[in-house]
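Worksheet: the structure to be examined is printed underneath.
Protein chains: 2
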Amino acid sequence: MQGLARFSYYLGILSFIAAWSIYIYIKKEPNGTSAIQEHEEMVHKGVISFLKREYFILVLFLFLLSILLGLSLNEWGTSISFLAGALCSIIGGFCGIIAATRGGSRAAEAAKRSGEPKALILTYLSGSVMGLAISGMGLLGMGLLFRYHGGDPDRAGYIYGFAMGASFIAIFYRLGGGIYNNAAVFAADLVGRMETGIPEKGPRNPAVIAVGVGNNVGNIAGMAADLFDSFAGAVIATIAIGATLSITPEFYAKFPLVKDIEPANIRLMYMAMPILVIMAGMLSSFIGIFSVRIFQHRNPARVLRHTILLADGLFIIIVAIIIYNMGMPWGSFWAILSGLLCGIAISILTGYYASGPVIRRIAGQSKIGPATVIISGLAAGMLSACLPILLLCAAAFVGYQTAGVYGIPLAAVGMLSTAGAIITVYSCGPIADNAGGMSEISGLDLETRKITANLGAIGHTTTAIGKSFATGSAALTAFALFTAFTQVAGLEVINIKKPLVLVGLFVGSLVPIICSSLTITSADKVASIIVEEVRRQFREIPGLLEGKDGAKPDPRKCVSISATSALGKTFLPILIAVLTPVVTAFLLGSETLCGMILGSTVMGLFLALLMVNGGTAWDNIKNYIEKGHVGGKGSINHNAAIVGDTVGVPFKDSSGPAMNIIMKLIPVVSLIIAPIIPAVGYII
Amino acid sequence: MQGLARFSYYLGILSFIAAWSIYIYIKKEPNGTSAIQEHEEMVHKGVISFLKREYFILVLFLFLLSILLGLSLNEWGTSISFLAGALCSIIGGFCGIIAATRGGSRAAEAAKRSGEPKALILTYLSGSVMGLAISGMGLLGMGLLFRYHGGDPDRAGYIYGFAMGASFIAIFYRLGGGIYNNAAVFAADLVGRMETGIPEKGPRNPAVIAVGVGNNVGNIAGMAADLFDSFAGAVIATIAIGATLSITPEFYAKFPLVKDIEPANIRLMYMAMPILVIMAGMLSSFIGIFSVRIFQHRNPARVLRHTILLADGLFIIIVAIIIYNMGMPWGSFWAILSGLLCGIAISILTGYYASGPVIRRIAGQSKIGPATVIISGLAAGMLSACLPILLLCAAAFVGYQTAGVYGIPLAAVGMLSTAGAIITVYSCGPIADNAGGMSEISGLDLETRKITANLGAIGHTTTAIGKSFATGSAALTAFALFTAFTQVAGLEVINIKKPLVLVGLFVGSLVPIICSSLTITSADKVASIIVEEVRRQFREIPGLLEGKDGAKPDPRKCVSISATSALGKTFLPILIAVLTPVVTAFLLGSETLCGMILGSTVMGLFLALLMVNGGTAWDNIKNYIEKGHVGGKGSINHNAAIVGDTVGVPFKDSSGPAMNIIMKLIPVVSLIIAPIIPAVGYII
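From first to last, the protein sequence lines are chains A and B. In terms of my numbering, the first sequence has 517 at position 517, counting the first letter as 1, and numbering is strictly consecutive. In short: position in the second sequence from 1, add 684, done, that's my numbering.
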């Protein structure tokens, strides 16, 4: 059965083709009035112009880094897999994001012509292009690498670069896209408030297009690249542990095989296992995604949930069959199941926090003033971090108890295998939100707007759930990569009593702290650049300020200069996250590095959950008040909630999610440089 | 020479007598107009009524806990030292706070009659009562315990309870006093804003007295109890490590003795060392404190600094003499010096953050709105946590490199030995602040008000520095107690690769998170109770609202009910901090407990520094704007800064400082229960 793993990339290609076919199908659907078409085209072009700028920087960066990697490791296999990981993420993400920009208008039009079910299906299918394309590229890339290096434990190291490539793309998307997105929102708001007579959402405001672009590149592409990175990281960590596992009699005594297997094949079985598992996930995702047609007449929120649950259910059955057939210890099954359940539990919890009594309570206190909203939001964000952290600990621990060190990455794989279906649903969120915006712009009838508003609200919650799912899976992947690093570096004992390991722990905790500190203020700075450009356009384009016909803003210019500035803000955090483990490893040795990885995970996980959940809470408080509760729009309460929401924007859209990647980047860099780390540091 | 340690408590008694004499001297100084006298008397009575309420709760709590300790450890020595630690902190703190309530009015009057130097001396001496009384009680308590148990390593365990007693008082003072203080500030402000015609600071507002009380019980008593706790924790940790150190030939090879010492005496020497060091600190503090008379004509900010630096300089010379005389390895000297320098460096850094360009930059951005102030303040708070954390790591590491595991607690002792002088200076801060308030109330002449305003500003900065010094010393003490716990529990290796230890790390990080989350919103709740009571008084006391003569508010009632409510809010966080290590130890074993301690230190240290430094930054931004910069009082900028300051109040005055105690409480509880912790947990 494990021979199947060698052909996994065919499944990846199949998935990619499916994604492309769906895109062509969507593209053919009608997309409304000329106003909508024009708006969509502008956003689409803005996205392309943002991505072009990003790719330009990335190509330089990737090229340099792969050469540096090759020279320092003295082999080129890792450089190639590094480039492959980056390329797969870029290609998959590009296809997905192109489809996403086309989805909103078509869903709105479908709502008008055929009602809710059709609108839901179009939203869902637009999201599925991202889900299928990016998970397909993952399976294709890792499948091909496994085909050539997977048969030999000594060459397994060549594969690890894939995860690092994925991490690099993810941090650029999450941070660059996130900062850009926040800045656009701030700028549109500032322009609306400060320049007289221009409505915040009006098409004459060149920053409005930037907001649409930001929503796509920040929320959709960032989330997808992040989950792709976790997906790749979990699989690679499992392969790494499989390749280095000490398969001793004690190991068998503890985790007995179901069948007798030729000893020479056992290691290969452990290495092939994660590939087979993600193949199972891909198949289940197909069925989950296409089941949307069957579920379409139910409540949209349920439809989204059911497609994932169907995929998860099928997946776990296929996994059981695989394990039984291969004769692996049953412990692996429990490890995968624990990761899967952990992901589901985190999603349910976030759903509760995002809509529950917490929001109503804080909204009720907003009359005391903005400070109370801020404090209560922070308190709620802190508290909401606790249960997910405990759940992640439980998943990792169950993984270890049931399958040894191999079980920890396997739990992460279990959480992420159905990435195809998961990314689809979480990509739907911003698309549905977008459909709501589109129907507002084109002034569709009340019935239609009710449908799109409902879709938008569901999309909103889905986006929030997607964010904490991404954080949870990133943390579990970080555990997995940490375990893989200790195995590959041959560290049996990491004694935390040693002061150097302790120092590592604290220094590690500083990395997420510094990166958060640097990035939460970035959006402000980029926003001021956008505002400057908007002012210039109003000044220099005749008739724009007066709203004359034919006077059109130049949103592409606006997108382009702000993209450059946002991407520029990502360099320092990335440099810190990459250099800290390298410097620590060479100066203070590999045990200190382990302390560092753990410190960054502890702090990164907390900051990510605090910022994402706190930011979401503030956003929901504002929305709750805007629906007319506790005073409604324009009341003191509403003003207080706006302050909270403004603080929350960089929390939930850039800095918080960026912590996900920082958590993974540090252990993945460590894993790559493991072969050249000195046993003791140079200065100790 | 080490025989001297047996008589250390005489020095403690001497110090206590000195404190009392100073108090009598201050009490005799004139204290201004009858308005001031009346105000002072009300605050004084309010403080007494707060403390009475607190002691009532504490007595019950301490009594129960000491019995529980005795029964579960099956010996009563620890219970006795636990009560001793609590009692010493209570007595010392009580004397200090009584003197503090008398200082403000006398300093203001002295400013009027004799000018700045005399005002400074009275402020300083009022603070020195706290410094001398509480460090004297520490030396007395620990000296006596050492006298009876210190000669025998097997009985050293009886001493450890002292540190736990100190921790308990500290958390009650920090949290209860802190929450009370915040609530009073909020309530006075709310009453001033919401009830028409009553000025926020007017004497008719019963909440105004509560603010004065809060300043004393929150800022002065809380800080002193916290530093006393660190002081005791550091000394006890050193004794514990001295008692359990494995004094092998390798140890000598690494840390050679200066003289030949009889082998039987070596362990006793290691145990007596910290007592001798704090005796040296006490002597140096005496000289430092009384040097204020020599320095009095200099710039007040310098005087405060110079008294500490003089004490530190003398201290390190005496320590060198002690070490040379005893024949200890010179490494101990370097460990002590590294702690001392770390403390000085942290103080300098905070001075920079509290007054530097950061404040001006954020103040300049305040025109964009409150959200920008919040985000920039959080970013500044995060960034300002980094250097202190690195400094603390460096101090602990230098301690370890120069004196082995024994060097880590020794560094903490070095940082805290001159507690007498340090607590004196940090107690001056709120007293000087108070003197400024007093001269405003009594309408003293412009010249006098300039002097007291200057003193107040310096006091403000000193308070901020005191807060981060307290956090730094708490973290170093936490390291020391952690090391002591691992030694006493006999853990040579704590393998962080084991998933259970990892789980401990994450669970430990949750304790400070949950406690912060619970406490940052407490002040809001208590404030609403105060507001309710103030409204009742305005309703039921005839003529109060109209400001008729003879209609007096009942501030004691106001203090009393809010004290009960504030103290009630401390139970849950204390319970969590105490129970988590106990439950973890019994269910998951001592290695997991080690992970837990470290997790709580990493997170507690970060949250403490973030909240204290962030809160201070917001406070300073408001003050900077109120001085007429970037728009001045009443501008949009000022309103934005007020929101920041309101968020910052619970950050810097209750939740942030409470983290200090949480960090120490967890390892100290672990140290106490070490003898009865099972090797492996009950459920694993």
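Just so you know, even glycine gets a beta-carbon here, dropped at the ideal spot from N, CA and C. None of the values given here were measured: they were computed from a predicted structure.
On a CA-only basis, which of the options is nearest residue i? Give me that one, please.
i: Phe974(B); options: Val1215(B), Leu816(B), Phe734(B); result: Leu816(B)
i: Cys1070(B); options: Phe82(A), Phe146(A), Leu518(A), Glu54(A); result: Leu518(A)
i: Asp312(A); options: Val277(A), Gly351(A), Gly127(A); result: Val277(A)
i: Cys1278(B); options: Phe912(B), Gly1053(B), Ala1164(B); result: Ala1164(B)
i: Pro1359(B); options: Arg839(B), Ser1249(B), Leu1186(B), Pro801(B); result: Arg839(B)
i: Arg361(A); options: Ala617(A), Leu87(A), Leu62(A); result: Ala617(A)
i: Ile1345(B); options: Lys1151(B), Ala1211(B), Ala1207(B); result: Lys1151(B)
i: Phe56(A); options: Lys548(A), Ser338(A), Thr564(A), Ala354(A); result: Thr564(A)
i: Leu605(A); options: Gly381(A), Ile17(A), Gly177(A); result: Gly381(A)
i: Ile24(A); options: Gly96(A), Leu11(A), His297(A), Asp653(A); result: Gly96(A)
i: Ser789(B); options: Leu1251(B), Gly777(B), Leu804(B), Gly972(B); result: Leu804(B)
i: Cys1242(B); options: Arg982(B), Leu742(B), Ser733(B); result: Ser733(B)
i: Phe691(B); options: Ile764(B), Tyr832(B), Leu767(B), Leu748(B); result: Tyr832(B)
i: Gly768(B); options: Glu759(B), Leu829(B), Trp704(B); result: The amino acid at residue 768(B) is misidentified as Gly; the sequence shows Ala. Closest option to Ala768(B), Cα to Cα, is Leu829(B).
i: Glu1310(B); options: Val1267(B), Glu1275(B), Thr1276(B), Ala1141(B); result: Ala1141(B)
Just reading off the alpha helix (DSSP H) that residue i is part of, what are its end residues?
i: Gly327(A); result: Counting along the chain, Gly327(A) falls outside any alpha helix (DSSP H), and DSSP gives it neither H nor E.
i: Phe702(A); result: It is not possible to answer for residue 702(A), since the shown part of chain A is limited to 1 through 684.
i: Leu816(B); result: 800–833
i: Lys27(A); result: 8–28
i: Asn434(A); result: 419–441
i: Ser284(A); result: 263–290
i: Thr686(A); result: Outside the displayed range of chain A (1 to 684) lies residue 686(A), so it cannot be described from this structure.
i: Thr402(A); result: 386–403
i: Pro890(B); result: 890–898
i: Met1(A); result: Met1(A) -> no alpha helix (DSSP H), and no H or E assigned at all.
Once DSSP output is grouped into helix, strand and coil, what is the label at residue i?
i: Asn495(A); result: strand
i: Val511(A); result: helix
i: Ser635(A); result: coil
i: Pro940(B); result: coil
i: Gln1221(B); result: helix
i: Glu75(A); result: coil
i: Tyr864(B); result: helix
i: Ala1162(B); result: helix
i: Leu518(A); result: helix
i: Asn31(A); result: coil
i: Asp445(A); result: coil
i: Ala1063(B); result: helix
i: Met1295(B); result: helix
i: Lys1311(B); result: coil
i: His306(A); result: helix
(request) Would you list, in chain order, the members of the region 604–623 of chain A that have their beta-carbon closer than 7 angstroms to a beta-carbon of chain B? (result) Phe606
(message) For the region 505–517 of chain A, list every residue whose C-beta sits within 8 angstroms of some C-beta in chain B, in sequence order.
(response) Leu505, Phe506, Val507, Ser509, Leu510, Ile513, Ile514, Ser516, Ser517
(message) Counting only Cβ-Cβ distances shorter than 7 angstroms, please list the residues of the region 1069–1085 of chain B near chain A, keeping chain order.
(response) Ala1069, Cys1070, Ile1073, Cys1077, Ala1080, Phe1081, Tyr1084
(request) List in chain order: all unbroken beta strand (DSSP E) runs of 3+ residues lying wholly within the region 1013–1059 of chain B. (result) none
(request) Give the residues from the region 639–655 of chain A that approach chain B closer than 7 angstroms (Cβ to any Cβ), ordered along the chain. (result) Val643, Thr646, Val647, Pro650
(request) Could you tell me which uninterrupted alpha helix (DSSP H) segments, each at least 4 residues in length, are contained entirely in the region 1217–1288 of chain B, listed from first to last along the chain? (result) 1239–1252
(request) For the region 39–74 of chain A, list the alpha helix (DSSP H) runs that are entirely contained and at least 4 residues long, ordered along the chain. (result) none
(request) Would you list, in sequence order, the uninterrupted alpha helix (DSSP H) runs of no fewer than 4 residues that lie entirely inside the region 1334–1361 of chain B? (result) 1340–1357
(message) For the region 331–354 of chain A, list every residue whose C-beta sits within 9 angstroms of some C-beta in chain B, in sequence order.
(response) none
(request) Scan the region 1050–1064 of chain B for residues whose Cβ lies nearer than 9 angstroms to a Cβ of chain A and list them as they occur along the chain. (result) Ile1052, Gly1053, Pro1054, Ala1055, Thr1056, Ile1058, Ile1059, Ser1060, Leu1062, Ala1063, Ala1064
(request) Select from the region 1200–1216 of chain B all residues with a C-beta closer than 7 angstroms to any C-beta belonging to chain A, and list them in chain order. (result) Ser1200, Ser1201, Ile1204, Thr1205, Asp1208
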